[in-house]
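Residue numbers (this note's numbering): 1400 to 1879.
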């Protein structure tokens, strides 16, 4: 029974995402990009048939709530959406095969921003817009998944985040996904429009401003021309502000805009984000631009971009001399930390880091006061043992997947520095950041199919979180 419900939900997702391809199809038609238009049309037709078959074939399945369905939905759904997002590339660039198209789709739907078609699509406006649009949709879906499914299974202790969203009767699992989507959609669109408007005030044309806004809000880091380089300081300032917003909890921002009084005090993650950005800015400034005040702004912009896992960088940004390795390490650390738990960023997220800090402080206090008793609390409510175990499981799984990903890519012939940079960019969903982490990286377009599959797996793990993958390989999960 739960399999039928899974097929129905996947069919719905495929239909919805394939329907959004009508936008780049009309853009390609109006700009007379005939080859791209035919590719989008073929993708819409094929995916509509597949999604429609699943929808019609299993639409009568009753709503059920089982653990296996809740865990499998984001995994199978992520793979299905990646296929839909990458299918236009398969039809437009058929010579490269299906695997690079799947990698491209996974990169977009997880908001990573890497591309297997570098140098081939930058001049095709409809494809460039689809890359940004698919990533923007993926960022919105990531927020909703966190506030619904990942919260229901307490992935990495997400239940510690008490959301002020009005869920009504949909308290757990996938029924809560719709309630979260309805609540978050208006503010997500509002911030995108606001970012676009401010970018236009800095002189960016409307169409390019819209693409940059969608890229910044979804923390994808894809520019209108496929590049992550931003030259104008005013444009950088606008993007920096909205990248900070993208790092915060979207449900908390919604509550504050609507002046909804939360049951629990909020804002600890926001303070942590701002504190780490400030610390990263200072360190980068001292390493790369000592005494250069323009370099201070560049350090701030890059720190925000790295921690939000966006990957935008100034056009003249670069680490030189002895600071190159240390600067790259700082960017890797910031990307691995990530933003707030209900944001579009990748990485471990601030909630887990705060709990780890509390645990560390508790151990230090225990050494000073061996007989003292002190409970752990996060924003006025107790941190339970199962939350701590879930957080340590996620942190351990994150490190483990990073190590294995780097080793596998290195074994397949990629030099270890590039393999490590690729694994970090995939697992933290910060594809464009790789050009700053590894200035000698040659790009993703020359990888083998096995490399693409490993990278796709890391990106999926980075979005649905690695601890969820560990649940899939346990015997008890498949035994029900």
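Here a beta-carbon is modelled for each residue, glycine too, at the ideal position from N, C-alpha and C.
Asked, Found
"Run of the alpha helix (DSSP H) containing residue 1843, from where it starts to where it stops", "Careful: residue 1843 lies outside any alpha helix (DSSP H) and carries neither H nor E."
"Per-residue burial, residue 1814 [other beta carbons within 10 Å of its own, 16 or more giving buried]", "exposed"
"Straight-line Cα distance separating residue 1445 from residue 1452", "11 Å"
"First through last residue of the alpha helix (DSSP H) which encompasses residue 1501", "1497 to 1508"
"Reduced DSSP secondary structure (H/G/I, E/B, other) of residue 1473", "helix"
"Pair within 7 Å by beta-carbon distance, residue 1457 and residue 1403", "yes"
"Counted within 10 angstroms of its Cβ, other Cβ atoms place residue 1523 as buried (16 or more) or exposed", "buried"
"Inter-residue spacing [alpha-carbon to alpha-carbon] between residue 1568 and residue 1598", "Because the pLDDT at residue 1568 is just 45, under 50, the model does not fix this residue reliably, and the value given afterwards should be weighed accordingly. Cα-Cα distance, rounded: 40 Å."
"Residues that DSSP places opposite residue 1628 in a beta bridge", "1712"
"Environment of residue 1462 [buried if 16+ CB atoms lie within 10 Å]", "exposed"
"Rounded C-alpha distance that separates residue 1686 from residue 1728", "11 Å"
"Run of the alpha helix (DSSP H) containing residue 1516, from where it starts to where it stops", "Neither: residue 1516 is in no alpha helix (DSSP H) and is coded neither H nor E."
"Close beta carbons around residue 1694, own chain, < 7 Å, minus the five adjacent residues each side", "1684, 1687, 1688"
"Beta-carbon gap between residue 1538 and residue 1617 smaller than 7 Å", "yes"
"Cβ pair residue 1708, residue 1677 closer than 7 Å", "no"
"Residue 1497 vs residue 1530 beta-carbon contact at 7 Å", "no"
"Delimiting residues of the alpha helix (DSSP H) encompassing residue 1420", "Where residue 1420 is concerned, there is no enclosing alpha helix (DSSP H), given that its DSSP letter is neither H nor E."
"CB of residue 1659 within 7 Å of CB of residue 1769, strictly", "no"
"C-beta atoms of residue 1625 and residue 1762 nearer than 7 Å", "no"
"Rounded C-alpha distance that separates residue 1545 from residue 1786", "16 Å"
"CB of residue 1534 within 7 Å of CB of residue 1550, strictly", "no"
"Any 3 or more C-beta pairs closer than 8 Å across the segment 1839 to 1851 and the segment 1625 to 1641", "no"
"Proximal residues to residue 1441 (C-beta, below 6 Å), its chain only, five neighbours per side dropped", "1490"
"Reference residue 1700, options 1415, 1637, 1866, closest by Cα", "1637"
"As assigned by DSSP and simplified to three states, the class of residue 1467", "helix"
"Best match in 1778, 1767, 1758, 1812 for proximity to residue 1788 [C-alpha to C-alpha]", "1758"
"Cβ-based burial, residue 1904 [other Cβ within 10 Å; buried from 16]", "Within the shown structure, residues of the chain are numbered from 1400 to 1879, placing residue 1904 beyond reach of any answer."
"CA-to-CA distance, residue 1615 to residue 1860, given in whole angstroms", "22 Å"
"Rounded straight-line distance, which links the Cα of residue 1647 to that of residue 1669", "6 Å"
"Identity of the residues DSSP links to residue 1590 by a beta bridge", "According to DSSP, residue 1590 bridges with nothing at all."
"Complete alpha helix (DSSP H) runs within the segment 1522 to 1570 (minimum length 4 residues, chain order)", "1524 to 1544"
"Identity of the residue in 1726, 1536, 1467 nearest residue 1874 by Cα", "1467"
"Three-state secondary structure assigned by DSSP to residue 1883", "This structure cannot speak to residue 1883, because the chain is shown only from 1400 to 1879."
"Pairwise C-alpha distance: residue 1528 and residue 1435", "12 Å"
"Chain-order list of residues whose beta-carbon lies under 7 Å from that of residue 1623 (same chain, five-residue window excluded)", "1527, 1607, 1610, 1611"
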